[in-house]
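Heads up, the sequence shown is in the working numbering, so the first residue is 71 and it goes up one at a time.
Take a look at the structure below.
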Amino acid sequence: MTNSDTPTMRAIRQDTHGSPEVLKEVEVPRPEPGLSEILIAVRAAGVNPTDWWNRAQPMTANGLPLILGWDVSGVVEAVGTGVTLFKPGDEVFGMLPYPHGVGAHAEYVTAPARAFVHKPAGVDHVQAGALPLAALTAYQALVDTADIQPGQRVLIHAAAGGVGHLAVQIAKSRGAHVIGTASAAKHDFLRSLGVDEAIDYHTVDFTEAVKDIDVVLDPISLDTAARARSLAVLRPGGTLVSILPVPIDPDELADIAERGIRYEALLVEADRAGMQAIADLVVAGALRAHIEATFPLAEAAKAHALGETGRTTGKIVLTVEGTVKSQITVQTLRTAFDGGDTTAIDRHVRPDYIQHNPLAPDGPEALKAFGAAWRQQYPDTTYDIKRVISEGDLVLLHSNVVPAPGTRGIAAFDIFRFQDGKIAEHWDILQEVPETTANGNDMFSTLSRPQVEVPGERWFTAYNKKLVTAFVDQLMVRKDLAAFDTYVAPEYHQHNPNIPDGVVGAKAGLSAYLEQFPQLSVEPKRVIAEGDLVAVHSHYVDAPGERGRAVLDLFRVRDGKIVEHWDAVQDVPETSANGNTMF
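Next comes the structure, spelled out in structure tokens:
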């Protein structure tokens, strides 16, 4: 419990060590910046092996309860006494002091100002949040410690991993000849990073494939036998840098020195100069994190579980941008229709709340009453929220609402607009799920790859929003079917129950529809985009004088093409309980 006058935040905390399930979302007091510190509103935070290692057992971060995370990208909320580098509103990224400065997996975190630098304007928070710990590790190992020079031969183990793929790029930026080990399936990825030689460690013994190495970056060797294999390929005068915090026997160190090889064990440190060098590489286009997956803060346990598979490429990132608004919308919706403490509605909904659902009056009290009436009529209702999109002051929820067990339920899109941190307005579109569809797909699943519901590739948000806006304008406003050829991928997946899969089926379906309603007018009202998901809320009128329909189209964009589409359609009624339109 926290004092009602104390600002709070959401955080991912563990009260014991164990499996990913020990990670719980909790409400805790928001920290305040001390001397020479900044308070950062976290927008994205990387998840690293040290996070799941420390979750499972005490390692470098001791003490419980524990909030994990060292990578931070976000916005300065406040500055402590003595800070001159940053002002509130500055976008920054950096690493909390390792290992004791842990705590990034939360909505806010305090940190020494001089551990951070300004985030480059050309990258988003997800990209920036993926970099600090892994990039600093690679930079401090290869540049500060090994001082690699142009033409040197550098062997990087696990070159497709979080540290490894950044180390490859840093080494190439220094003019090195880079050899990377990874499974064969990841060799194309390594080559795209600039690796000169890729070795499949499953089928090739690297000790027989390479020799005369100047520097080995070793994130994998846990014992003497494993280290001996890397030592065997180093030339006299070469350097082996281990980034694992494992003990090494003095006799082994003496033996390595006698062979004329330098051995260093690196533990990454918060480093403003290193962060600035990393930022400069990003700006120059020489360094970019590959994002394997992103998860909302609340799904940290899923991020840990994915990381522990050992089969990821690049980085995993928790996203906090939009998380607060998304959490508020989900909590408010569930409170209204599932029941519970209605003071949540009092906290999160403005007194002048505007309602566009034609059955519900305006205001928070009406929202409570509407929810109570729904619960009385449908006490066994379940809500399966499939997707959440947040952009600016708008949040969209895509859900399957099932009023009674055994029924197919309703496809629902809810749009919430925020003002001053509270819900100010709400629109929705509801459509019954039919028994059969023209494409064999349901109205909710993800069929395009990767098969995840959360928005991905957030750095393409603006591009994807522009693409979908142009597509809808050409296809539905100007009625030009050639839009399919320009904007839609051949493997297009369709969830509108009346239209077949694929471009050919979509063209045929839309052509028939436009022939049936030659006077159709379509007016897009709002577009909401996050990453590869773009939603368009529109008013369709089949003929002049008709009230028309409220339509929500949700598109997924990958590699510059629309690959998947979901929607819901609802007739506009003659009257409404609130006197507002549905738009």
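Built from N, CA and C at the ideal position, the CB exists for glycine as well.
{"Check": "Can you list, in chain order, the residues of its chain with a C-beta nearer than 6 Å to that of Tyr168? Leave out the 5 residues immediately preceding and following it.", "Outcome": "Trp140 and Val338"}
{"Check": "Could you tell me whether the Cβ atoms of Thr451 and Phe407 are closer together than 8 Å?", "Outcome": "yes"}
{"Check": "Name the one or two DSSP bridge partners that His188 has.", "Outcome": "Val162"}
{"Check": "Hey, could you find the ends of the beta strand (DSSP E) Asp623 is sitting in?", "Outcome": "Arg619 to Arg628"}
{"Check": "Take Arg332 as the anchor and find which of Leu287, Ala354 and Asp422 has the nearest alpha-carbon.", "Outcome": "Leu287"}
{"Check": "Taking the alpha-carbon of Val547 as reference, which of Lys595, Asn511, Met513 and Arg299 has the nearest alpha-carbon?", "Outcome": "Lys595"}
{"Check": "With 16 as the cutoff for other CB atoms within 10 Å, does Met71 come out buried or exposed?", "Outcome": "Low local confidence applies: a pLDDT of 35 at Met71 is under 50, so the model's placement there is unreliable, with the coordinate-based value given in what follows. The residue is exposed, with fewer than 16 neighbouring Cβ atoms inside 10 Å."}
{"Check": "Going residue by residue through the segment 503-588, where are the continuous beta strand (DSSP E) segments of at least 3 residues, counting only ones entirely within it?", "Outcome": "558-564"}
{"Check": "Ala230: which of Lys536, Val248 and Ala115 sits nearest, CA to CA?", "Outcome": "Val248"}
{"Check": "To the nearest whole angstrom, what separates the beta carbons of Met79 and Ala176, a pair I think is in contact under 8 Å?", "Outcome": "6 Å"}
{"Check": "Could you give the DSSP three-state label for His247: helix, strand or coil?", "Outcome": "strand"}
{"Check": "Under the rule that 16 or more other beta-carbon atoms within 10 Å means buried, what is Met652, buried or exposed?", "Outcome": "buried"}
{"Check": "Considering only C-alpha positions, which residue in the set Ala430, Gln564 and Ile459 is nearest to Ala605?", "Outcome": "Ile459"}
{"Check": "Between His418 and Trp529, what straight-line distance do the alpha-carbon atoms span, to the nearest angstrom?", "Outcome": "29 Å"}
{"Check": "Can we say the segment 177-184 touches the segment 106-122, given the rule of at least three CB pairs closer than 8 Å?", "Outcome": "yes"}
{"Check": "When the distance is taken between beta carbons, is His170 closer than 8 Å to Pro128?", "Outcome": "no"}
{"Check": "Tell me, which residues are paired with Asn470 by DSSP?", "Outcome": "Asp454 and Ala481"}
{"Check": "Could you have a look at Ala430 and say whether DSSP puts it in helix, strand or coil?", "Outcome": "coil"}
{"Check": "So for Glu91, helix, strand or coil by DSSP?", "Outcome": "helix"}
{"Check": "For Pro609, list the residues DSSP reports as bridge partners.", "Outcome": "Before going on, a small fix: residue 609 reads as His here, not Pro. In the DSSP output, where bridge partners are listed per residue, His609 has Glu593 and Ala620."}
{"Check": "In or out: Thr309 buried (at least 16 other Cβ within 10 Å) or exposed?", "Outcome": "buried"}
{"Check": "For Gly630, which of Gln521, Val558 and Glu328 has the nearest alpha-carbon?", "Outcome": "Val558"}
{"Check": "What residue does the alpha helix (DSSP H) around Ser262 start on, and which one ends it?", "Outcome": "His257 to Leu263"}
{"Check": "Taking the alpha carbon of Glu644 as the reference point, which residue from Glu616, Pro190, Asp293 and Ala481 has its own alpha carbon closest?", "Outcome": "Glu616"}
{"Check": "Mapping DSSP to helix, strand and coil, what is Ile290?", "Outcome": "coil"}
{"Check": "Which residue or residues does DSSP assign as beta-bridge partners of Phe365?", "Outcome": "Leu388"}
{"Check": "Which residues bound the beta strand (DSSP E) around Arg358?", "Outcome": "No beta strand (DSSP E) contains Arg358, which DSSP labels as neither H nor E."}
{"Check": "Could you pull out every residue in the same chain whose Cβ sits closer than 6 Å to the Cβ of Tyr610, ignoring the five residues on either side in sequence?", "Outcome": "Val592, Gly618, Arg619 and Val621"}
{"Check": "Jot down the residue ranges of each uninterrupted beta strand (DSSP E) in the segment 296-383, minimum 3 residues, whole runs only, in chain order.", "Outcome": "304-312, 332-335 and 361-366"}
{"Check": "When you compare only the Cα positions, how much space is there between Leu603 and Gln564?", "Outcome": "14 Å"}
{"Check": "I believe Val233 touches Asp284 by the beta-carbon criterion, under 8 Å. Please report the beta-carbon distance rounded to the nearest angstrom.", "Outcome": "Between Asp284 and Val233 the Cβ distance is about 19 Å, and since that is not below 8 Å, they are no contact."}
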